[in-house]
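Below you'll find the structure, written out as structure tokens, and then a few comments.
Numbering (our numbering), first residue to last: 1 to 247.
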């Protein structure tokens, strides 16, 4: 059985990888990493050295900075996960082409939803995940809400309770608000954000259980002015027609 110390070390390593996954290209300094994972610099440094010895972390472009290493990308592109993500690519391309808006594949990653792939539309648009590798707490945004919608109610409650403090810190949603949104989605089949999270940007999403990836969502970001009943129906039909695993 793992000791408390080994469990803490594993959690610290996982937290560091997550933090570096959303870092800028130059990476992050040791001080920034330690602050974000909530630990002392010596402990963070020991973990970085261990991760670096396995190619999971490498020096950043500035002295004393760190960023994700090549071994992590190799792991991400190997095995069943890469094949499962590739299986969804035609659907992303098709939905984006049919609707004219950027389309995303998200999957559950613990307490978060992580963006696995994207097919961009004709123009740039701001999103919560900011592209592949970006992550948000489950419940924040239509994509993560759609993932929650296909989980058992008891697990939904557990995840919302675990993320309640993160919602409070974010300030835009609450666990009760997410529950209300889930109730609305149960009637419509689509998670809808009319622009409440990012001014001027709307979002649509639907949840699906993939046999390899588990709970996933196909989501779409579009100008709020373009969100109509017809837009929603076009998205719903496109996902139903093109998904390799339909709801």
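Don't be surprised by glycine CBs; every beta carbon is placed ideally from N, CA and C. Small disclaimer: the values here were computed from a predicted structure and weren't measured.
Review point. Do you know whose CA, among 206, 108, 173, 201, lies nearest residue 213's CA?
Key: 108
Point to revise | Close Cβ partners of residue 202 (< 8 Å) along its chain, the five nearest in sequence each way excluded | key: 192, 193, 194, 195, 221, 222, 223, 224, 226, 227
Check your understanding: Is residue 188 helix, strand or coil when you go by DSSP?
Key -> helix
Check your understanding: Would a C-beta distance cut-off of 8 Å place residue 17 and residue 66 closer than the cut-off?
Key -> no
Check your understanding: Once you ignore the five residues that flank residue 253 on each side, which residues in its own chain have a CB closer than 8 Å to its CB?
Key -> The chain is shown from 1 up to 247; residue 253 falls before or after that span and cannot be answered.
Review point. So, residue 69 versus residue 149, is the Cβ gap smaller than 8 Å?
Key: no
**Study point:** Three-way DSSP call (helix, strand, coil) for residue 198 in this model
**Key:** strand
Review point. Which same chain residues, not among the five before or five after residue 168, have their C-beta less than 6 Å away from its C-beta?
Key: none
Practice item. Give a yes or no on whether the C-beta atoms belonging to residue 155 and residue 178 are separated by under 8 Å. Key: no
Review point. Apart from the five residues just before and just after residue 185, which ones in its own chain have a Cβ nearer than 6 Å to its Cβ?
Key: 149, 191
Review point. Cα separation between residue 85 and residue 113?
Key: 15 Å
Check your understanding: When you compare each of 183, 125, 133, 120 to residue 139 by their alpha carbons, which one comes out closest?
Key -> 183
Point to revise | residue 95, buried or exposed, once every other Cβ within 10 Å from all chains shown has been counted against 16 | key: buried
Point to revise | For residue 173, the three-state DSSP class (helix, strand or coil) | key: coil
Review point. So what does DSSP say about residue 203, is it helix, strand or coil?
Key: strand
Check your understanding: Can you tell me the Cα-Cα spacing of residue 51 and residue 162, whole angstroms?
Key -> 27 Å
Review point. CB-CB under 6 Å to residue 64, same chain, minus the five flanking residues each way: which ones, in chain order?
Key: 29
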